[in-house]
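*Asks:* I'd like to ask some things about the structure below.
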Amino acid sequence: MKVLVINCGSSSLKYQVLDMENEELLAKGLVERIGIDGSVIKHEREDGKGFKLQTPMATHKEAIENVFEALLNKESGVLQSMDEIGAVGHRVVHAGEKLTDSTLITDDVIKILEECFDIAPSHNPPNVLGIKACQALMPNTPMVAVFDTAFHSTMPASSYIYAIPYEYYEKYGIRRYGFHGTSHKYVSERAAKMLNIDIKDLKIITCHLGNGASVSAIKSGKCIDTSMGFTPLEGVVMGTRSGGIDPAIIEYIMEKEGLSIEEMLKMLNRKSGVFGISGVSSDFRDLEVAANEGNERAQLALDIFAQKIKGYIGSYLAELDGADVIVFTAGIGENAIGMRAKICSNMENLGIKLDPERNNVRGEETIISAADSKIKILLIPTNEELMIARDTVSVVNAQA
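Using the numbering used here, the first residue of the sequence shown is number 61, and each one after it goes up by one.
What follows is the structure, given as structure tokens:
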């Protein structure tokens, strides 16, 4: 079966086509600036052949029409007909507690996603737009929603309940949901295969470190805790997100600066994190350059990021009663050699010892721990699209 994977943002759309007979990536691409002047599609086949085209795309439906044209392109396409697509897998952030497993998309499922707009206002509306646009163009093709939060649905209540009046959980579903679930699931399963150990026999800490960052504790293949919360704002310091802060700070700054709640949330989500600390950038490559040139705030941002990741690793070591594996993944986790070393430094008493030579690598699936490290440290490039495609095939086959 060939699967089209769609990941819709408010003004962007990522896509991949995979042949699931051998899990081969056939093509991928990105549409940017949907509904904005300068709309552009970048398409690439697995052999490198592709194109970049700037063309008006006022809606997600027009964007997906351009994706179809790219996939059918005589020179750089990979399909003769869209009928070759057996199913479409849509990344959906979450549906609260109403849907916690990947599911076939029906009118009732779309209604549930729309009911959850208020708890995922930045993500669910464009996700639904993408689903409806695909349905309009491929009405007879089965479509599956794969939830970013699903992997974390196994957390015990002690991990997801907040210490606020319980009625707010009962009335509004306010709880920790966690995010990056497809990534944490993928790399934990890959870790077990790399080590040739049944995942049921492993305790794993996965570190998804990108502009958005989260850490998860996984026992016997199931998530028991994760750093992100009700929204992706909670947890470690990130590129532009604050991570966890004293809630009283919000009211204090709002009163001092005369900010609305919308302005305050924008500041916490888009102007904080390592960008807010450094005043330089949310890109860790820029921060490393600035720090090496003597910029103290850039160095401080890097130090704080590493410290917060260390803190969650330590917490999850306690929660898991030790770990067998620590995995680094996503843009920073896969490529920032110095940051991985910084996070793992001075943790030998906890059984964590990095090998500097093995760690001198970017974007490769490999073991980077020292031979005498009690805990294996792995670098595993994430593949959320493959995880979505796998779940899509599983759901569609189950309906057959």
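Beta carbons are placed, not taken as given, at the ideal position from N, Cα and C, and that holds for glycine.
Check this for me: beta carbons of G149 and V206, under 7 angstroms apart or not?
*Replies:* yes
*Asks:* Can you name the start and end residues of the beta strand (DSSP E) that M203 belongs to?
*Replies:* M203 -> beta strand (DSSP E) spans M203 to F207.
*Asks:* Determine contact between the stretch 301 to 312 and the stretch 394 to 413, defined as no fewer than three beta-carbon pairs at a distance below 8 angstroms.
*Replies:* No, the stretch 301 to 312 is not in contact with the stretch 394 to 413.
*Asks:* For Q76, is the classification buried or exposed, using 16 other Cβ atoms within 10 angstroms of its Cβ as the cut-off for buried?
*Replies:* Buried, by the Cβ-count rule.
*Asks:* Going by DSSP in three states, C404 sits in which element: helix, strand or coil?
*Replies:* helix
*Asks:* Tell me whether V138 sits in a helix, a strand or coil according to DSSP, three-state version.
*Replies:* coil
*Asks:* In chain order, what residues of the same chain lie with their CB nearer than 6 angstroms to the CB of K465, ignoring the 5 residues before and after it?
*Replies:* Any property of residue 465 remains undetermined from this structure, which presents the chain solely from 61 to 460.
*Asks:* For K260, I'd like the list of residues in its chain whose CB is within less than 8 angstroms of its CB, leaving aside the five on either flank, ordered along the chain.
*Replies:* S280 and G281
*Asks:* Can you look up Y75 in the DSSP assignment and give me helix, strand or coil?
*Replies:* strand
*Asks:* How is I392 classed by DSSP in three states: helix, strand or coil?
*Replies:* helix
*Asks:* Which stretch, first to last residue, makes up the beta strand (DSSP E) that contains C267?
*Replies:* K263 to L269
*Asks:* Work out the CA separation of T242 and I403 for me, nearest whole Å.
*Replies:* 23 angstroms
*Asks:* Let me know the secondary structure DSSP gives C176 once reduced to three states.
*Replies:* coil
*Asks:* Please go through the stretch 318 to 385 and give each complete alpha helix (DSSP H) segment of 4 or more residues, from N-terminal end onward.
*Replies:* 321 to 330, 333 to 338, 344 to 352 and 356 to 380
*Asks:* When DSSP builds the beta bridges, which residues end up paired with N67?
*Replies:* K74
*Asks:* Is R422 buried or exposed, if buried means 16 or more other CB atoms sit within 10 Å of its CB?
*Replies:* exposed
*Asks:* Assuming H103 is part of the beta strand (DSSP E), what are its boundary residues?
*Replies:* Boundaries of the beta strand (DSSP E) harbouring H103: V100 to R105, taken from the DSSP string.
*Asks:* Using a 10 Å radius around the Cβ and a threshold of 16 neighbouring Cβ atoms, would you call G318 buried or exposed?
*Replies:* Classification for G318: exposed.
*Asks:* Is the beta carbon of S274 closer than 7 angstroms to that of H240?
*Replies:* yes
*Asks:* For I145, write down the residues that DSSP places opposite it in a beta bridge.
*Replies:* DSSP output for I145 lists K62 as bridge partner(s).
*Asks:* Does the distance from the C-beta atom of K192 to that of L380 stay below 7 angstroms?
*Replies:* no
*Asks:* If you run the structure through DSSP and keep just helix, strand and coil, what is D285?
*Replies:* strand
*Asks:* Would you kindly report the start and end of the unbroken alpha helix (DSSP H) that includes I128?
*Replies:* The amino acid at residue 128 is misidentified as Ile; the sequence shows Phe. Its alpha helix (DSSP H) spans residues H120 to L132.
*Asks:* Go ahead and label I437 buried or exposed: buried means 16 or more other beta carbons lie within 10 angstroms of its beta carbon, across all protein chains shown.
*Replies:* The residue is buried, with at least 16 neighbouring Cβ atoms inside 10 Å.
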